[in-house]
Every structure is written in structure tokens, then in C-alpha cells.
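Below: the structure, in C-alpha cells.
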Amino acid sequence: MKIGIDVTQAVYGTGISGYVVELVRHLPQSELVLFGTSLRRGGELQSLFPSAKIFPFPPTLMHYLWNVAHQVPPEWLVGKLDIWHSSDWAQPPTGAKKVTTVHDLTPWLYPVETDPQIVAVHQARMRWVVKECDQIICVSQNTASDLKRLFGISNDRIKVIYEAVPEAHKLTPQITKQANYVVTIGARQPRKNISRLIEAFRKYKSKYNLPPKLIVIGESSHSAADAEISFTGFVSDQQLVDLLAGASVFVYPSLYEGFGLPILEAFYHNVPVACSNTSAFPEVAGDAAVYFDPLSEEGIAKAMAEAIANRAKLVTAGKTQLDKFSWEKTARMTLKIYESV
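So this is what it looks like as C-alpha cells:
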């Protein structure tokens, strides 16, 4: 069985990048035919996947060829294939059986928060996914439900396979002791709900005896940074691990995520978690987190305080929950899908 996999997105430093890298690492190497395109980062792709066939084509060209014109099968570039596992941005025509992974449906659920060009790319691609893909992997039941609701795809074409903590975030923390701060991971999009978290922290810090500082890993969308609030901007994998492992609590206030990988990363580094009771979070965190209504400022603050107060219990529960997720299991279930089609 020759399994073609598009590894193009592996170099972008996102959760999807980690998914591509870890899935490929854990599949039977002798059966893989790896394909990637990049005009400027082909060397990085080749370093990650020495056996891959990397072509100097820009993303705009591949979007037009595959999502718009729907021409140029990957077989023309890599030879005969039995399976083609596409990335989440380009869907080519192919004579092979087609498998793809849907990580989230943000371009449809929050289109005003997504770059219009990105929305257009995903819309064009999804038209072919719905029409042609034999199996669609979703990274959570929540994403699967959204896919069925938005596109009417039948249950027999969808399989839920969870992700796991990437090796890049299993680094040993370079800290001597736990510090006293709240940490979150956020971005500019309003659905990340960072502004409400900041207001919750400011208003209720004294009432619930929260730590003196909130650190937001990511870019600032406003001028909120001061002695209480710190935005880190981009951080390395080691810095991310250090900031996470040293925190009193990890809080994830997002209104919507396709999975919620940072929750598992917090579990891995023995940090108690408070998170929204929305989207995929209950699937990921199970009984190992304190949940809150992400629209309630006091609810967010109260949950953070509860998580800190129950640190030992939550850390133990987090380790138990973490055992449910592994890349070995992800790869094994994915391989079964390849075999089934």
C-alpha cells in the first residue's frame, strides 16, 4: 500500500504542523510517499522529511491548480498511489482513495475573524472534500458534529481520531520552581476571548485571591499590557514549555477550538487547568479541569481560583486524562482508515 501524504504545512509552527509531523513519524515508513510544496521553505521541509519529494511551488499556485482548476493529480509528481491524505488547505484530483483531516471549521463559524483569502481557500477546498473524499478524519466529536451540520456529510464518511501532545512540547522545563502567575495562550481573534479574561482578572483578582500577574502567550490585540498583564509575542517551544510549567494555573477562555491541544500540554507539565465549557474542551479535558461559562467574567475568575486551590487533585486527574491520547493510537487508527478504504 502506497500512502501519499501532503506534508506542506509541517513548517508553519501551528498545531496542524505538529499533527503532520507526529502522524508521519508514527506511521509505517516503508509505505509512505511524502509530498510537499514551498517556494521559500523547501529546505526546512526536506530537513524534516528527508525522503519527501519537495517541489518549489508557491501555495497560491497549488491552491489554483488543486482547489480551483482541480487539475494535476499528485501521481504526476510522485508516481502511483493507493491512498492520498491531503492537508487541510489543498485538495487535488487523484485516482487514489482520498482521506483528509478537518481540524476545525473556524472559516465557516467565525468568518469575520479569518482573513478573507484564507476563507476563500478553505471554501474552495471543502467543495472537493465534500464531493470526493472517501473518509474524513475529525480531531474531535465537536468538529465532526459541526461538519455534519454544515455540510450534511453522512456518519459513515467521518471518523473521529484525537491528537496528542507533540514531542516538541515535551521538553524538560528549564525552571527551578513554580512561580505565581496565571498563563493563557491567545491571539488577536475575538473568539479567543482574551479581552474578557483580562477584565475577569482585573475585576476579581482581589476577591478570589488570584496570582498577581496574567501572562498571555501570543500577540496583543490592544494596549492592555501593564504590571498585571504581560503579552509575550512569539515564543520558542522551550519558552512555551517554561511559561506553562511555571504557572499556578493554565486558563483557556476560547469560545471555540477544534480540539484544544494546550490543555493536554498543561496536563503533561503538571499544571491545573480552568477552561471554557464550549466546543471540544470537555472531550479533551474530561474530569480533569474546572469549567466555566466563557461569557461570564466572574465565572472565569472563580474557576481559576478553584483550579489553583485543587492543584494536586487536578494534576493527578490530568495525568489520567492524558493517558487517553497518544500519537501511537492516532497513527494506528489512521492506518486502519487507510486499510478500510
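If you count the sequence shown from 1, position 141 lands on 141 in this note's numbering, and the numbers rise without skipping.
C-beta: ideal position from N, C-alpha, C; glycine also.
None of these values were measured; they are calculated from a predicted model.
For residue i, the three-state DSSP class (helix, strand or coil)
i	result
Q135	strand
A227	coil
D6	strand
T278	coil
L214	strand
F292	strand
F267	helix
T184	strand
I158	strand
Y252	strand
V354	This structure cannot settle anything about residue 354, because the visible part of the chain is limited to 1 through 341.
V129	helix
V273	strand
E257	coil
G299	helix
V284	helix
CA-to-CA distance, residue j to residue i, given in whole angstroms
i	j	result
A187	T14	12 Å
Y162	A96	25 Å
I136	A179	43 Å
P74	A10	18 Å
P272	A200	18 Å
K324	L314	16 Å
Y208	D293	17 Å
S326	M333	11 Å
A331	G152	27 Å
P190	G42	33 Å
V284	S38	33 Å
V121	T101	15 Å
L34	Y204	51 Å
H269	V235	17 Å
V349	R157	Residue 349 lies beyond the range of the chain shown here (1 to 341); nothing can be said about it.
T114	S276	21 Å
Integer-rounded CB distance, given that residue j should sit under 8 Å from residue i
i	j	result
A288	A317	4 Å
F49	V7	6 Å
K80	K2	6 Å
Q123	P93	About 18 Å separates the two Cβ atoms, so there is no contact after all.
The region 208-219 / the region 230-241 touching (three or more Cβ pairs under 8 Å): Segments in contact, yes.
At least 3 beta-carbon pairs within less than 8 Å: the region 261-268 vs the region 189-207: no
Contact the region 241-254 vs the region 295-307: 3+ CB pairs below 8 Å: yes
Cβ contact (3+ pairs, closer than 8 Å) linking the region 82-93 and the region 54-65: yes
Length at least 4, wholly inside the region 74-112: the alpha helix (DSSP H) runs in chain order: 75-78, 106-109
At least three beta-carbon pairs within less than 8 Å, the region 158-167 to the region 15-24: yes
Meets three-Cβ-pair contact criterion under 8 Å: the region 20-39 and the region 102-109: no
Secondary structure, beta strand (DSSP E): runs of 3+ residues fully inside the region 5-69: Counting whole runs of 3 or more residues, the region 5-69 contains the beta strand (DSSP E) stretches 32-37, 53-55.
Stretch pair the region 204-213 + the region 130-147: three plus CB contacts closer than 8 Å: no
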